[in-house]
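Take a look at the structure set out below.
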Amino acid sequence: VGGGHSIGVPLSVSAMRSYIVPSASMTVHPVRMNGTVLGVPQSLTYIDRIQERIIQFVTRRSRITAEDFRRLMTNTEELATDVGSVLSGQQAVDLGLIDRIGTLSDAIEGLYELIEALPPRYPEPKKGHNIG
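Here the sequence shown is numbered in this note's numbering, starting from 219 and rising by one per residue.
Next up, the structure:
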């Protein structure tokens, strides 16, 4: 990740292994909606359900706890005109949101490691069996 904002957080944790460059930042904030949103309990319930699904997804796919992720989402002391948190690459790793600091080359090398660890897709035919 070179910078993860909003939906970038769930996208980043959906990978089998995640990397972030040291200079990157990740923005964690509550669910937002734009356009016409009715101020009725059903709208708020809907937003709460979406937010809970995102929290569950992120915490199942990373090492961050639901409590820590919620705290980052609802932080009112960091951003002057908004709610949420901006994390450096190292903070994202330290909190367990991202697996490790690395470059694009590191991520590609990690991908090859994962591929090498997979069982062969098409096993070699048994001796004595002729194909074709």
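Where a beta carbon is used, it is the ideal one built from N, C-alpha and C, also for glycine.
- Message: For a minimum of 4 consecutive residues, which ranges assigned as the alpha helix (DSSP H) are wholly contained in the stretch 237-322?
- Response: The alpha helix (DSSP H) runs of length 4 or more contained entirely in the stretch 237-322 are, from start to end of the chain, 259-279, 284-291 and 307-312.
- Message: Using 8 Å as the threshold, is the C-beta distance between S236 and D317 below it?
- Response: The residue given as residue 236 occupies position 18 in the sequence shown. The residue given as residue 317 occupies position 99 in the sequence shown. Yes, the pair counts as a contact, with Cβ atoms nearer than the cut-off.
- Message: Quick test of your reading: R310 and I238, contact by CB under 8 Å. State the CB separation rounded to the nearest angstrom.
- Response: Counting from one through the sequence shown, the residue named residue 310 turns up at place 92. Counting from one through the sequence shown, the residue named residue 238 turns up at place 20. Sequence inspection shows Ala at residue 310; the Arg mentioned does not correspond to that position. 6 Å between Cβ atoms; contact.
- Query: According to DSSP, is Y340 helix, strand or coil?
  - Reply: As a first step, residue 340 is located in the sequence shown; it is residue number 122 there, counting from the start. In the structure shown, the three-state DSSP call for Y340 is coil.
- Candidates V246, I319, V276 and F275: closest to L290 by CA position: Position 72 of the sequence shown, counting from 1, holds the residue named residue 290. Ranking the options by Cα distance to L290, first place goes to V246.
- Task: Label L313 either buried or exposed according to how many other C-beta atoms from any shown protein chain fall within 10 Å of its C-beta, with 16 as the threshold for buried.
- Result: In the sequence shown, counting from the first residue as 1, residue 313 sits at position 95. By the Cβ neighbour-count rule, L313 is buried, with 16 or more other Cβ atoms within 10 Å of its own.
- So the alpha helix (DSSP H) S230 belongs to, where does it begin and stop? Taking the sequence shown and counting its residues from 1, the one referred to as residue 230 is at position 12. G226 to V231 is the span of the alpha helix (DSSP H), which, as asked, contains S230.
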